[in-house]
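Structure first, then comments.
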Amino acid sequence: MPEYEAVIGLETHIQLNTASKIFCACKADSWDDAPNSNICPVCTGLPGVLPVLNQAAVDKAALLAAAMGAFLGVWKILLVFVLSAAIGLAISLVVMAFSASLRKHRIIPFGPSLALAAVVAGFWGQEIIRFYLAHFAGR
Ligand SMILES: [Zn+2]
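When the letters of the sequence shown are read in order and numbered with my numbering, they come out as residues -8 to 130.
Below, the structure is given as structure tokens:
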């Protein structure tokens, strides 16, 4: 029997409330549409297409990052990135453990992970950063 090594990756996305997708003019909110009815060559990644970045998505992402940064500060924002990924991974593992299907791709909202990480960083961020620096960074 061949030996296998489990490699688990976590890719997180956030859906901003823009009218169009981030790299093309297709509408962003197509949850009620038929599958593959709201796509274009850019969405499908066909060779030779030229994606155009949606400025509204950039503006809203920058606004979200600036608001969180203004409230928490630079170090706690970095902590939020790490914590939100860890919380998202924990939620994903729980969902996978209790899910009947073995689908490879799942849509798990990342917003709650981000919000919970921001709350944890807001209340206990200094202590977590101090603990990390003392035990893992040698400071
Ligand atoms: Zn498209």
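The beta carbon of each residue, even a glycine, is placed where N, CA and C say it ideally should be.
- Per the CB criterion, closer than 7 Å to any heavy atom of ligand 1, the qualifying residues run in chain order as Lys12, Cys15, Ala16, Cys17, Ile30, Cys31, Val33 and Cys34.
- When His126, Pro42, Leu44 and Gly79 are compared, the shortest CA-CA separation from Gly0 is found for Gly79.
- Annotated as distal: Leu70 and Gly102, with beta-carbon spacing of 8 Å or more.
- In the DSSP assignment, no residue is bridged to Ser21.
- Shown here for Val111: same chain residues with a beta carbon closer than 7 Å to its own, the five before and five after excluded, namely Leu74 in chain order.
- The three-state reading of DSSP puts Ser75 in helix, counting H, G and I together.
- Rounded to whole angstroms, the separation of the alpha carbons of Ala76 and Ile82 is 10 Å.
- Beta-carbon to beta-carbon, Ala52 and Leu7 are separated by about 6 Å, close enough to satisfy the 8 Å threshold.
- For Glu118, the enclosing alpha helix (DSSP H) starts and ends at Gly102 to His126.
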